[in-house]
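Peer 1: Protein chains in written order, with the numbering used here: chain A, 1474 to 2042; chain B, 84 to 331.
Backbone N, C-alpha and C fix where the C-beta goes; we use that ideal spot for every residue, glycine too.
No experiment lies behind these values; they were computed from the predicted model shown.
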Amino acid sequence: MTTTVEHHDDRPPAAGVPREVPAEVRSRRSMLALAAVESGRLLRHPAVLAATALSAWLLWRWGKGTVPVLHYADIATQFPLAPLAGAALLATNLAVLRPHRDGAVDLYGATRLSLARRTVAHLLSVPPLAALGGVLVAADLAWLAGMPASVGTPHLAEAATGPALILLGGWLGVLLGRLWRSVAVAPLVLVGLAVGSLTLADLYVGGHDQRSWVWLGTLLRPVTIDPPPAALLGRPATWHLVYLLGAAVVLGALAVWRSQAQARARRRAQAVTGAVVVAALAVTTAAAVVQTRPTSAALAARRLAAATNPAAHQVCQRRGPAVYCVFPGFERQIGLWEPTVRAVVAGVPPAAAARAVPVTVAQRVGWFRLVEENEDDPTVGQEPGQAGPPVAPIGTTWGREGHALVISQARLAANVAARLIEQSGTDISPTDVPSTDAEPKPNPGPGPSTAGIGCNARAVVALWLAARASPQAAAGLRQAFTDAPSEFETWALPNDADVDDPWWGVREAKFALALLERPGDQVAQTLWRNWDVVTSPETSLERLGELLGVQPPPDSANPSGGVGFGPAC
Amino acid sequence: MPARRLRRQLRLVPALLVPTARAVGWAAALGAFALSLGLLALAVRPGVPTSPAELVRWLRLAMIAAALGYAFLLDDPSEPSTEAVAGSLLLRRTLRVVLLLPATAAWWVAVVWRVRAVHPELPLPVAALTLEAAALLAVTLALAAAGSHLAPERRGGVVAAPALLALASAAFFLPARVALYAPPGGAAWDGAHQRWAILFGLALTAFALASRDPAHRRLPSQVRALGRVRARRPAVRHAEQRTTTPAS
C-alpha cells in the first residue's frame, strides 16, 4: 500500500509521462502525488476521525449553552481543536514510520523520490487537515453569528489559532518520526505537551497578566467567565498565531534537514533548509518576545477605569420599567433581559412599583480577574464616592439553555427584585433618577454597600419575587442554593461576583423556597397587603412567618434566632 | 487436565524469564513512568494552592501518561517466530507484565509520596485511586492485546496508544450517571469506583481472551462437533482438489 506512488514514479517515462519531462519535475510531481495520497490517508486515519468527532462535539457543546459573544467565541474554538492537533501528531508520526513498521525501507531506496522529498510530502499532507479544522471553526462561528442576539466580531487570528495548532502537531509528528524510529515517542510527547499546556494554562488563570510568559504555551483560556468588551481583552492573538506558525515551520524544516542529513543530500540543499530553520527561528523568537510583553500601562489603566467607574464606559437605554446600561456593542442582549425584568416588576404592588422604577440593570464583568492581582488599590470595584442608586448587576453572558440559562435568569431576577424592594422602601432623591425617557443617563456605577438586602423578611420577599418571575428563574435559584457551600450563613449566585450582587442568607432562601410550595396568589395577596412591613429592613423572619401563617425554617447556625446571626446579616 | 497444563506452563517460567526480560522494550515503559513523574512534579509543587479535585485530576493525568508505557509493552517483533515454543502466548505476555510490575509499583509509590509530601493537609483516597490506576493499566493491556490482531507484525502499541488517549479523554466527558472520573467527595465517587472495579475485571478478561494462543485454541466440544459436521464435505472436496491440482 505504501509503495503505490513510488510505482508511478518508478514507471518508465514512456508509460505515462513524456520522455522530455526533466527528472526534477517528475520528482516534484511524484512528491505532490505522494502528498495527496498521504493527506487522504491522514484524513481517514481512525485517530483523526475520532478526534474530528470529538472536536465537533466540543465546539457544539460550548456554543449551545450561552448567547454568543463572538470575540469570546473565537477563543473558545481553540481548545476544542486540540484533540485534532493531537491526532495529527500521532497519525503523521505513524505515517512517517510506516516503512519501518512494514519493513519497506529498502523498497523506498529503489524509488526516485529522495528521503527529503518524502518528508516534504508528509509535511504537505497536514495542511488539508488544518483546513478541515478551519472549516469546523468557520462553521461554528457562522452558526453562532446566526443566532439571535449574538454580539461582537470574531478576531481572525484567534479563529486561526486552532488550525495552526493542527499544523504544529502534524509537523511535530513528522519531525519525531525522522528523529526516532520508535512509535512510542509520539504518544509520550503528546501527553507531555498536553499536560504541560494545562499546567501553563492553570498558571495563567491563577496569575493573570503578570505571568505573560505563559503565552509561550500553545493554548490559553480567557480569564474571565463573562467576556469583557473586545477593546479591554488584551490578548496578543496575532503574535501568538505568528509564534505557533513560526514554530511549526521550524519543526517542519528541521524534519527536512534531518532527512537530508540522513540521505547525505547535496550541501546546497542542506544550506537552504538550514537558512529556512534559522529564519523561522528568528520569526518565532521575535513573536515570542512580543507576545510575552506585560500588559501595556494604557490598557491596564483603561481596565482599571472600567472596573472603578463602569458608567463612563457604558451606554444606557430606558425600556419600560428599567434603565439598561451595557457595554457598547452589547445592546442586542437587552431584549433577552426584558421579559424577566418585567415579570419581576409585575410582582410588586403598583404603588410600590411606581416608587421604585426605574431599576437600573447594568452589565458587570469579573474585573478582579483582569486587574493586576497585587493591586493594593482598595477602590477597585467598590468606589463608595459615587452615590447613586445601586444597580442590578448582570453578566455579559446570557444563558441559552440548561444550567447557564436558569442561572442567568435567577441572577437577573434576584438582583432586580432586591433593587425594587430597596428602592420602594427607601426614599430616593429624584435628582439621582432620570425622570424623562429621552436619553436618561443614570449613574450605573457601584453604589453604597448593599449588605442587608440579603437578610430578614425583605430578602425572603425578594427571592420569592425573583422565583415567581419565570419557572427558569425558580429552577436557577433552587440549583444555586443547593450547589452553594453549606458551611456558610450566606450564599450568592455563582458568577463573577460584583459588589452589587447581594449575599443572601441561607435561612431566608430556605424560607423563600418553602413559600414557593404554597399557592402563589394567596402569598402574593398577603404580601401586597403588608408590603411596607414585609419590605422594611427591620422585619424579622418570625414576623413574616406570622403574617403569612407559615413557620419560618429553624435557625440552624444560631439557635437564639433573630437578627444578626451571620457575618453578612 | 487444565491443572496439569498449568503446571507444565509454569515449569517454563524460569527458562523464559531472562529472554523475556531481554526482549521487553524497556525504554517506552520506563520513559512513560519518568514522564508521568516529571509532569506530576511540575503540576504539584509546594507553594501552589490546590483543591482536592485538582490534585486528583493531576494524578489521573499522571496515570494516563504512565499507561502509555504499557501500551507498547506487548510489542514483540519476534512473536511470529516464538509461536512454536511451548510457553503459550498468554504466559509470555503475562511474564512481560509481571516483569514490569516492580517498576510500576515504584512509580505509583513515588506518585503518592510526591502528592502526600507536597500537600499533607489534603485527604487522598489512595485505595480508590490505586484501583483507578490498576484498571487503566489493565485496559491499556487489553487494548494492546486486541490491537495486536490489527497492527502489522502484531505490534499492538500502534493501536493501543491512540485508543487509550481517545478513551481517556472521552472518559472525562462522560455524563454524571456513568462517570468514571468522579470528583473526590462527590456523590458519584462510590458509583464511579464500582464501575472502575468492573472495568478492571472486564479488561483482564479481555486481555486473556485476546492473548489466547492461536495454536492452542480450544473450542467447546459442541461447537467443535458442529464445525466438524458442517465442514466435513467441503473439506474433503477441498483436500481432493489440492491433491489433484499440479503445483505451480
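#1: Within the 7 Å Cβ cut-off, does A1778/A reach chain B?
#2: Check I1867/A in the structure and name its three-state DSSP category.
#3: Might you give, ordered along the chain, the residues of its own chain that have their beta carbon closer than 8 Å to the beta carbon of V1879/A, omitting 5 neighbours on each side?
#4: Output needed in chain order: residues of the segment 244–264 of chain B with a Cβ under 9 Å from some Cβ in chain A.
#5: Could you tell me the distance, in whole angstroms, from the CA atom of V1830/A to the CA atom of A1667/A?
#6: To the nearest whole angstrom, what separates the beta carbons of S161/B and A106/B, a pair I think is in contact under 8 Å?
#7: Can you tell me whether W1937/A is helix, strand or coil according to DSSP?
#8: Under 9 Å Cβ-Cβ, which residues of chain A neighbour R238/B?
#9: Give the secondary structure of A1795/A by DSSP, where H, G and I count as helix, E and B as strand, and everything else as coil.
#10: Along chain A, which residues have their Cβ under 8 Å away from the Cβ of F116/B?
#11: My output table needs one value for R88/B: the three-state DSSP class, helix, strand or coil.
#12: How would you label L1605/A, buried or exposed, when you count the other beta carbons within 10 angstroms and need 16 or more for buried?
#13: With 9 Å as the C-beta to C-beta threshold (strictly closer), list the residues of the segment 89–120 of chain B near chain A in chain order.
#14: Would you say V1933/A faces chain B, with C-beta separation under 7 Å as the test?
#15: Quick one: is L122/B near chain A, going by C-beta distance under 7 Å?
#16: Report yes or no: do the segment 221–231 of chain B and the segment 1552–1567 of chain A share at least 3 C-beta pairs separated by less than 8 Å?
#17: Counting C-beta neighbours from all protein chains within 10 Å, is the total for T1955/A 16 or more, i.e. buried, or is it exposed?
#18: How about Q1790/A and Y1716/A: do their beta carbons lie closer than 7 Å?
#19: To the nearest angstrom, report how far apart P1709/A and V1723/A are at their CA atoms.
#20: I'd like the span of the beta strand (DSSP E) that includes V1832/A, first residue to last.
#21: What three-state label does DSSP hand G1725/A in the structure shown?
#22: Looking at A1561/A and L1642/A, is the spacing between their C-beta atoms short of 7 Å?
#23: For A33/B, return the contacting residues in chain A, with the cut-off set at a CB-CB distance below 9 Å.
#24: Kindly confirm or deny that the segment 1883–1898 of chain A and the segment 1816–1832 of chain A touch, where touching means at least three C-beta pairs closer than 8 Å.
#25: Could you tell me the alpha carbon to alpha carbon distance between G1868/A and A200/B, rounded to whole angstroms?
#26: Against chain B, which members of the segment 1545–1569 of chain A pass a CB distance test of less than 9 Å?
#27: Quick check: W1644/A and G1719/A, are their CB atoms within less than 7 Å of each other?
#28: Which whole runs of the alpha helix (DSSP H) in the segment 182–234 of chain B are 4 residues long or more, in chain order?
#29: Anything in chain B within Cβ reach of T1672/A, meaning under 8 Å, just list it in chain order.
#30: Where W2004/A and P1700/A are concerned, what is the direct C-alpha to C-alpha distance, given to the nearest angstrom?
#31: Have a look at the DSSP bridge pairing and note the partners of V1521/A.
#32: DSSP puts T1539/A in a beta bridge; with which residues?
#33: Could you give the DSSP three-state label for L1714/A: helix, strand or coil?
#34: Could you run through the segment 193–227 of chain B and flag, in chain order, every residue whose CB is less than 8 Å away from some CB of chain A?
#35: Whose C-beta lies closer than 6 Å to the C-beta of A1877/A among residues of the same chain, with five residues either side of it excluded?
#36: So, are the CB atoms of V1788/A and T1592/A less than 7 Å apart?
Peer 2: On the basis of the coordinates in this document:
#1: In the first sequence, counting from the first residue as 1, residue 1778/A sits at position 305. Taking Cβ atoms only, chain B never reaches closer than 7 Å to A1778/A, which makes this a no.
#2: In the first sequence, the residue the question calls residue 1867/A occupies position 394. Correct three-state label for I1867/A: strand.
#3: The sequence position of residue 1879/A within the first sequence is 406, counting from 1. Counting only Cβ-Cβ distances below 8 Å, and skipping sequence neighbours, we find G1872, Q1945, A1946, A1948, G1949 and Q1952.
#4: Going along the segment 244–264 of chain B in chain order, one finds A244, P245, A246, L247, L248, A249, S252, A253 and F256 with a Cβ nearer than 9 Å to chain A.
#5: Position 357 of the first sequence, counted from the start, is the residue given in the question as residue 1830/A. Position 194 of the first sequence, counted from the start, is the residue given in the question as residue 1667/A. Here the C-alpha atom of V1830/A lies approximately 52 Å from the C-alpha atom of A1667/A.
#6: Here residue 161/B corresponds to residue number 78 of the second sequence, with the count starting at 1. Here residue 106/B corresponds to residue number 23 of the second sequence, with the count starting at 1. About 7 Å separates the two Cβ atoms, so the contact holds.
#7: Start at 1 with the first residue of the first sequence, and residue 1937/A comes out as number 464. Note: W1937/A maps to helix in three-state DSSP.
#8: In the second sequence, the residue the question calls residue 238/B occupies position 155. At a C-beta separation below 9 Å, R238/B has these neighbours in chain A: R1574 and V1656.
#9: The count along the first sequence starts at 1 and reaches residue 1795/A at position 322. Residue state, collapsed to three classes: strand.
#10: Against the second sequence, residue 116/B aligns to sequence position 33. The contact set of F116/B on chain A, defined by CB atoms closer than 8 Å, is empty, because the minimum CB distance reaches about 10 Å.
#11: Indexing the second sequence from 1 puts residue 88/B at position 5. R88/B falls in the helix class under three-state DSSP.
#12: Sequence index remark: in the first sequence, residue 1605/A carries index 132 (1-based). Answer is buried; the Cβ neighbour count reaches 16.
#13: Within the segment 89–120 of chain B, the qualifying residues are G108, A110, A111, A112, G114, A115, L118 and S119.
#14: Counted from its first residue, the first sequence places residue 1933/A at position 460. Chain B, which has no Cβ nearer than 7 Å to the Cβ of V1933/A, makes this no.
#15: By 1-based counting over the second sequence, the position of residue 122/B is 39. So yes, L122/B belongs to the interface.
#16: Of all C-beta pairs linking the segment 221–231 of chain B to the segment 1552–1567 of chain A, fewer than three are shorter than 8 Å, placing the two stretches out of contact.
#17: Against the first sequence, residue 1955/A aligns to sequence position 482. Residue burial is scored here from C-beta neighbours: T1955/A has fewer than 16 other C-beta atoms within 10 angstroms and is therefore classed as exposed.
#18: Here residue 1790/A is taken as the residue at index 317 of the first sequence, counted from 1. Here residue 1716/A is taken as the residue at index 243 of the first sequence, counted from 1. Between Q1790/A and Y1716/A, the C-beta gap is not smaller than 7 Å, which leaves the two residues out of contact.
#19: Start at 1 with the first residue of the first sequence, and residue 1709/A comes out as number 236. Start at 1 with the first residue of the first sequence, and residue 1723/A comes out as number 250. Taking the straight line from one Cα to the other gives about 21 Å.
#20: Along the first sequence, one-based indexing puts residue 1832/A at 359. Note, V1832/A: beta strand (DSSP E), V1832 to Q1836.
#21: The residue labelled residue 1725/A in the question sits at position 252 within the first sequence. In the structure shown, G1725/A sits in a helix (DSSP, three-state: H, G or I).
#22: Translated into the one-based positions of the first sequence, residue 1642/A becomes position 169. Translated into the one-based positions of the first sequence, residue 1561/A becomes position 88. Note on identity: in this sequence residue 1642/A is Gly, with Leu being the wrong assignment. Judged by their CB atoms, G1642/A and A1561/A are nearer to each other than the 7 Å cut-off.
#23: Since the displayed chain B opens at 84 and closes at 331, residue 33/B lies outside it and no answer follows.
#24: Flag = yes, the segment 1883–1898 of chain A and the segment 1816–1832 of chain A touch.
#25: What you label residue 1868/A is simply residue 395 of the first sequence in a count that begins at 1. What you label residue 200/B is simply residue 117 of the second sequence in a count that begins at 1. Going from the Cα of G1868/A to the Cα of A200/B covers about 41 Å.
#26: For chain B, the residues of the segment 1545–1569 of chain A that bring a beta carbon within less than 9 Å of one of its beta carbons are P1556, G1559, A1560, L1563, A1564 and L1567, in chain order.
#27: Taking the first sequence and counting its residues from 1, the one referred to as residue 1644/A is at position 171. Taking the first sequence and counting its residues from 1, the one referred to as residue 1719/A is at position 246. Cβ distance not < 7 Å, so W1644/A and G1719/A don't count as in contact.
#28: Positions of the alpha helix (DSSP H) runs, each at least 4 residues long and wholly inside the segment 182–234 of chain B, are given as 209–230 in order along the chain.
#29: On the first sequence, position 199 is the one that residue 1672/A refers to. Close partners of T1672/A in chain B (Cβ separation under 8 Å): L122, L125 and A126.
#30: By one-based count along the first sequence, residue 2004/A stands at place 531. By one-based count along the first sequence, residue 1700/A stands at place 227. If you draw a straight line from the Cα of W2004/A to the Cα of P1700/A, it is about 38 Å long.
#31: One-based indexing of the first sequence puts residue 1521/A at position 48. DSSP lists no partner for V1521/A.
#32: Walking along the first sequence from the start, residue 1539/A turns up at place 66. The partner list for T1539/A (beta bridge, DSSP) reads G1872/A.
#33: If you number the first sequence from 1, residue 1714/A lands on position 241. Helix, per DSSP.
#34: Residues: none.
#35: By one-based count along the first sequence, residue 1877/A stands at place 404. Here the set comprises G1538 and T1539.
#36: Residue 1788/A sits at position 315 when you count from the first residue of the first sequence. Residue 1592/A sits at position 119 when you count from the first residue of the first sequence. In this structure, T1592/A does not lie closer than 7 Å to V1788/A by Cβ.
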